[in-house]
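Number of protein chains: 2
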Amino acid sequence: MSIVAQSVQTAENLAIQPPIEEYFFEGAEKLLEIWFSSSKSNEISGSLRNIPRNEIDLMLDVARCKILHSKHNEAIDSYVLSESSLFISDNRVILKTCGSTRLLAALPHIIQLALKFAQLDQIESVYYSRKNFLRPDLQPNLHRNFDAEVEYLDQFFDGQGHAYCLGSLKQDRWYLYTFHRQNSTSGGDKIGVKKPADHTLEILMSDLDEEVLHKFTKDFAVDGRDCFLRAGIDKCIPAGADVHDELFDPCGYSMNAYMNETDQYATIHVTPEKEFSFASFETNQDLVCLYAQTRKVLQCFRPGKILLTVFANDVSAKGKDAQQQLWDRELPGYRRTNVQFVRLETETLVYAHFIKKSTNDVSSDEDDGERSD
Amino acid sequence: MSIVAQSVQTAENLAIQPPIEEYFFEGAEKLLEIWFSSSKSNEISGSLRNIPRNEIDLMLDVARCKILHSKHNEAIDSYVLSESSLFISDNRVILKTCGSTRLLAALPHIIQLALKFAQLDQIESVYYSRKNFLRPDLQPNLHRNFDAEVEYLDQFFDGQGHAYCLGSLKQDRWYLYTFHRQNSTSGGDKIGVKKPADHTLEILMSDLDEEVLHKFTKDFAVDGRDCFLRAGIDKCIPAGADVHDELFDPCGYSMNAYMNETDQYATIHVTPEKEFSFASFETNQDLVCLYAQTRKVLQCFRPGKILLTVFANDVSAKGKDAQQQLWDRELPGYRRTNVQFVRLETETLVYAHFIKKSTNDVSSDEDDGERSD
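Rendered as structure tokens:
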């Protein structure tokens, strides 16, 4: 029977049934980080943490997600969302949303809230990034392709931002839009102010080990706390961190953590469906060596594919060390398919992509010993 | 008068005249470098230099360009083309074509010629690269966008190539498709064979100084040789190189050079029309420090914008040194807007983009002294 005849017959058999759309969830997040400042240097500006909760809720409505719970210390407000996470510090907002959320639609609202409630009228720097989507066709128009995202973002930054695609265009890749205000006085460029070290490690993992996936379901754990301990998430974050997390029904996991009385955070999100499994880890913590940190996360999730980025400003020894290690050596058990080092306006960035070695390959691994912190 | 009314009136005035298409020439080249080998390691394979001239002419017909003149030493055949250059060594072809040529259409012909006349039945590695075109709409379909080029190339390499876009997607950028045969024994991986050092420096320059542009016209010079000496091209290439070049009528310049009895080459192409000025320099020479080489080229062409790439394998000290210098420091008189370091399968690559500083900026230049070789 010809393929055409076969299709016609199949179509007739199914004539009354609606087309079957298989369930899909895009685990890969859109990630927006904005640093604000005040143009009036002689006035004491407010804090983004003064933005009232109901205003944050309205902003998140626009992005199509909502707050599940929050936790706070003296430096940061941490929110676990229905789709990923939000962290607000005095002058920095980090919004990370997965699924088919409309993150960038919330950008003008965030800018308005910063002005109204924190008197922060300038954007010092912006980072918008994401992995390529598995199903871009299921994204809202604004996020369907990176060109559209860049065009949208450029409206807010007078076309002065830069846009990059890192990684091979033919496999997993990572898009970054970044803007840094010219003549910025932030980050300690003022006379006598020491620039603080800053770095961000992000690990985007796909094709997770099936045994691992099961741990992020209601079949395995009763709640977030149970999952945190029994799935080994506790080993992925520095000891003593404050944590709040959520185990979704029937599956899926989100965790926010922050360390001591700082704005150092870590966040983990897991999409455990085998067909489109994904997990992300992100931190700016300064307590543990970022390479050791990476190894711990990989031991927990055992992904088939890894996309890894490290931003570091020039005073971040930990960030620069992690970048150099990623450049110099492979991760045990993984084949590095690409690594790129990029000098941005105020920091450097390393992008690396790894694929799990087949069991035959593993014998060729280099030093598997963990470097001490 | 409204803009609409104005347009209507203008259109009426011009009703009888055909639309005016301004003259344009795409100086930025498509660049293809292929390394061949034989799968029959116990047989002595031939040389690509055995391909008969009439077969090369037919291959170039497909690419839509032709040979103007050629010159040879014991290691390399050098051809100056109507649109750029061709170099053929025993196992390497470098074809560089500008304008609206159809370079990639010649790829299957090159592969056939290598098999038929040199018994070289394997491709060890391929590099196809180009800058973004100023007028992609004027390119043949095959070259109209990089996605189409990648799709075409993948047919020849079982989809095993890698594709990158380096630089900001919003300004000048550089596309690279690269393939390296798995389990390759070329480049000295065979026991007892020392891997030869290899590197390539390419400098793509736009918005050239007007005074410089004039030197590449028939108004200024009578022929290639005159232009070579009076435009300062002689200072851009190592002393003692063999040269053949062409000054086009009314303007435009192409030069090929090779050094001593090696396959080390240099090639320069200049599109001197002010509206779309462009010049390119490329070399694999191992005689002069590549950073000093770069400085000399920039002194000759005084471009407004520079896109620079350096490939280096791990035994090329000169290539690695140039890469490190590009990463570590700016070029005097220029602001570096982007620099990226990429680890490819068998070598590293540095991409950097520079914009000329305005006269106000120049005082902030770092060390302007030239490093000795």
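Chains as they are written, first to last, in the working numbering: chain F, 1 to 373; chain A, 374 to 746.
The beta carbon of each residue, even a glycine, is placed where N, CA and C say it ideally should be.
Three-state secondary structure (DSSP) at residue i?
i	result
residue 667(A)	helix
residue 688(A)	coil
residue 619(A)	strand
residue 435(A)	helix
residue 130(F)	strand
residue 274(F)	helix
residue 461(A)	strand
residue 624(A)	strand
residue 209(F)	coil
residue 303(F)	strand
residue 30(F)	strand
residue 592(A)	coil
residue 44(F)	coil
residue 662(A)	coil
residue 196(F)	coil
residue 237(F)	coil
residue 509(A)	helix
Check the DSSP bridge columns for residue i and list the partner residues they point to.
i	result
residue 214(F)	According to DSSP, residue 214(F) bridges with nothing at all.
residue 409(A)	496(A)
residue 53(F)	In DSSP, residue 53(F) forms no bridge with anything.
residue 202(F)	282(F), 309(F)
residue 629(A)	617(A), 640(A)
residue 451(A)	444(A), 460(A)
residue 97(F)	30(F)
How is the beta strand (DSSP E) around residue i delimited, first residue to last?
i	result
residue 489(A)	Premise fails: residue 489(A) lies in the alpha helix (DSSP H), 480-491, not in any beta strand (DSSP E).
residue 440(A)	440-445
Over the uninterrupted alpha helix (DSSP H) stretch that includes residue i, give me the two end residues.
i	result
residue 229(F)	224-230
Along chain B, in chain order, which residues have C-beta atoms closer than 9 Å to that of residue i?
i	result
residue 40(F)	Absent from the structure is chain B; the protein chains it does hold are F and A.
Mind listing, in chain order, the continuous alpha helix (DSSP H) runs of no fewer than 4 residues lying wholly within the stretch 518-564 of chain A? Counting only runs of 4 or more, we get 519-529.
Using 8 Å as the Cβ pair cut-off and three pairs as the minimum, do the stretch 612-632 of chain A and the stretch 572-590 of chain A touch? Here the stretch 612-632 of chain A lies against the stretch 572-590 of chain A, with 3 or more beta-carbon pairs under 8 Å apart.
Please list the segments of the alpha helix (DSSP H) lying wholly inside the stretch 690-733 of chain A, counting only runs of 4 or more residues, in order along the chain. Qualifying alpha helix (DSSP H) stretches, in chain order: 690-701.
Spell out a yes or no on whether the stretch 292-302 of chain F and the stretch 105-124 of chain F are touching, meaning 3 or more CB-CB pairs, one atom from each, closer than 8 Å. Not touching, per the Cβ criterion.
Quick check: the stretch 264-272 of chain F against the stretch 280-287 of chain F, are there 3 or more CB pairs under 8 Å? The stretch 264-272 of chain F vs the stretch 280-287 of chain F: in contact.
Contact between the stretch 156-175 of chain F and the stretch 349-360 of chain F: three or more CB pairs below 8 Å? For the pair of segments examined, the stretch 156-175 of chain F was found to touch the stretch 349-360 of chain F: the number of CB pairs separated by less than 8 Å reaches three.
Under 8 Å: do the stretch 530-545 of chain A and the stretch 693-713 of chain A share three or more Cβ pairs, one atom per stretch? Yes, since at least three Cβ pairs between the stretch 530-545 of chain A and the stretch 693-713 of chain A fall closer than 8 Å, the two stretches touch.
Say whether the stretch 265-282 of chain F touches the stretch 313-320 of chain F, bearing in mind that this needs 3 or more beta-carbon pairs closer than 8 Å, one atom from each stretch. Not touching, per the Cβ criterion.
Contact between the stretch 141-151 of chain F and the stretch 75-95 of chain F is defined here as three or more beta-carbon pairs at a separation below 8 Å; is this criterion met? The answer is no - the stretch 75-95 of chain F does not touch the stretch 141-151 of chain F, with fewer than three Cβ pairs under 8 Å.
Three Cβ pairs or more, each shorter than 8 Å: is that satisfied between the stretch 200-210 of chain F and the stretch 221-237 of chain F? Taking one beta carbon from each stretch, the stretch 200-210 of chain F and the stretch 221-237 of chain F have fewer than 3 pairs nearer than 8 Å; the two do not touch.
For the 8 Å Cβ check, are there 3 or more pairs between the stretch 52-70 of chain F and the stretch 78-86 of chain F? With a cut-off of 8 Å, the stretch 78-86 of chain F and the stretch 52-70 of chain F count as touching, because enough Cβ pairs lie within range.
Within the chosen definition, does the stretch 25-34 of chain F reach the stretch 98-105 of chain F through at least 3 CB pairs nearer than 8 Å? In short, these stretches touch, since the Cβ pair count reaches three.
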